[in-house]
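Per the numbering used here, the sequence shown starts with residue 153, numbered consecutively.
Ideal Cβ placement from N, Cα and C applies to all residues, glycine included.
Just so we're clear, the structure is a prediction, and the values are computed from it rather than from any experiment.
Worksheet: the structure to be examined is printed underneath.
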Amino acid sequence: MGEKAAWARKKRFDNRVLFWVRRGYTLNQVSHILGCNVTKVIASVKRLKADGKLKYAKK
Numbered sequence: 153m154g155e156k157a158a159w160a161r162k163k164r165f166d167n168r169v170l171f172w173v174r175r176g177y178t179l180n181q182v183s184h185i186l187g188c189n190v191t192k193v194i195a196s197v198k199r200l201k202a203d204g205k206l207k208y209a210k211k
């Protein structure tokens, strides 16, 4: 798998996390909805904050 594909997959996941976090769901709830580990969601939130797309996320 190439670098671009991995980057695109991360971006798509970030957008899905952003969708739920903006609606007020906690990180734990988001991980359950998306069916993934909460550490993956936390990493995604950190990336989103670094990009300036997100300011606050419920813990």
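Please identify the residue among the options whose C-alpha is closest to the C-alpha of residue i.
| i | options | result |
| --- | --- | --- |
| Val190 | Thr178, Asn167, Gly154 | Thr178 |
| Gly187 | Ala209, Lys210, Leu200, Trp172 | Trp172 |
| Gly204 | Leu170, Lys162, Glu155 | Leu170 |
Alpha carbon to alpha carbon, how far is residue i from residue j?
| i | j | result |
| --- | --- | --- |
| Lys210 | Arg174 | 10 Å |
| Ala195 | Ala157 | 18 Å |
| Arg161 | Gly176 | 23 Å |
Beta-carbon separation of residue i and residue j under 7 Å?
| i | j | result |
| --- | --- | --- |
| Leu200 | Asp166 | yes |
| Val197 | Ser183 | no |
Tell me which residue opens and which closes the alpha helix (DSSP H) that residue i is part of.
| i | result |
| --- | --- |
| Leu179 | 179–186 |
| Asn167 | 155–174 |
| Leu200 | 190–203 |
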